[in-house]
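To start, the structure itself, in structure tokens.
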Amino acid sequence: MRKLVERELTPEGPRRTSEGRGKHRSVTVNLGESPIAWLHSRGHLSDRLFQAGEQLRNDYERAQLSANLTMRWDPVRIKTGNRGSSEAGLTSSEKQVAAKQRFDGALAEAGKGLDDVLWRVVCAGEGLPQAEKALGWPARSGKLVLQLALERVADFYRIM
Numbered sequence: 054m055r056k057l058v059e060r061e062l063t064p065e066g067p068r069r070t071s072e073g074r075g076k077h078r079s080v081t082v083n084l085g086e087s088p089i090a091w092l093h094s095r096g097h098l099s100d101r102l103f104q105a106g107e108q109l110r111n112d113y114e115r116a117q118l119s120a121n122l123t124m125r126w127d128p129v130r131i132k133t134g135n136r137g138s139s140e141a142g143l144t145s146s147e148k149q150v151a152a153k154q155r156f157d158g159a160l161a162e163a164g165k166g167l168d169d170v171l172w173r174v175v176c177a178g179e180g181l182p183q184a185e186k187a188l189g190w191p192a193r194s195g196k197l198v199l200q201l202a203l204e205r206v207a208d209f210y211r212i213m
């Protein structure tokens, strides 16, 4: 989904532009793009690391680990013959539990100290500068740490 917004460039990074300011440089930002998709599209993450991040985010969403704001009104689904899937024949609850186990396993494989940046950037969709600030890390250190964490996650998911 594309959601384009103009942001003013500041020494701290992009911020929302406001009316009545002088001439400043600005940039168009796609708020619908995930931080790892942004890094991948600019050559900072390899295809392997991007796929690992997407798989981790997919398991996070399938396990329904994010906060729910309201009651779910999804219709009851009737099983169809999805025989090609590794989760064929599982109930939705069993699929959710399996995704949670994969997610927990991937974070455990990344290890302590790397799981926090994975969750913030890949699952919560925080940008690297915000994650670095929240974790108390020096500026521009997050990309290297994220790459190390995604390498371990790629090994966990057996992504070549």
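In the working numbering, the protein residues as written are 54 to 213. Here a beta-carbon is modelled for each residue, glycine too, at the ideal position from N, C-alpha and C. Quick caveat: nothing in here was measured; it's all calculated off a predicted structure.
If distances are taken between C-alpha atoms only, which option among the options comes closest to residue i?
i: glutamine 154; options: Ser87, Pro191, His97, Tyr210; result: Tyr210
i: serine 119; options: Ala163, Glu185, Trp172; result: Trp172
i: alanine 151; options: Asp112, Leu92, Asp169; result: Asp112
i: methionine 213; options: Trp190, Ser99, Lys165; result: Ser99
i: phenylalanine 156; options: Leu92, Glu86, Glu107, Leu57; result: Glu107
Identify, in the order they occur along the chain, each residue of the same chain with its Cβ nearer than 8 Å to the Cβ of residue i, setting aside the five sequence neighbours on each side.
i: leucine 167; result: Val198, Leu201, Ala202, Arg205
i: serine 194; result: Glu185
i: arginine 95; result: none
i: threonine 81; result: Leu57, Val58, Glu59, Arg60
i: lysine 165; result: none
Name, in chain order, the residues that DSSP records as bridge partners for residue i.
i: threonine 81; result: Glu59
Report, in whole angstroms, the separation of the C-beta atoms of residue i and residue j, which I expect to be a contact under 8 Å.
i: valine 175; j: arginine 101; result: Valine 175 to arginine 101, Cβ: 14 Å. No contact.
i: alanine 207; j: alanine 105; result: 4 Å
Output needed for residue i: all residues of its chain with C-beta closer than 7 Å, excluding positions within five of it in sequence on either side, in chain order.
i: histidine 97; result: Lys196
i: alanine 163; result: Leu171, Ala202, Arg205, Val206
i: aspartate 169; result: Leu188
For residue i, which residues in the same chain have their Cβ closer than 6 Å to its Cβ, ignoring the five residues on either side in sequence?
i: alanine 159; result: Leu109, Val206, Phe209
i: glutamate 86; result: none
i: glutamine 183; result: none
i: histidine 93; result: Phe103
i: glutamate 179; result: Arg173
i: alanine 161; result: none
Taking 8 Å as the cut-off, decide whether the C-beta atoms of residue i and residue j are in contact.
i: proline 88; j: leucine 181; result: yes
i: glutamate 185; j: alanine 177; result: no
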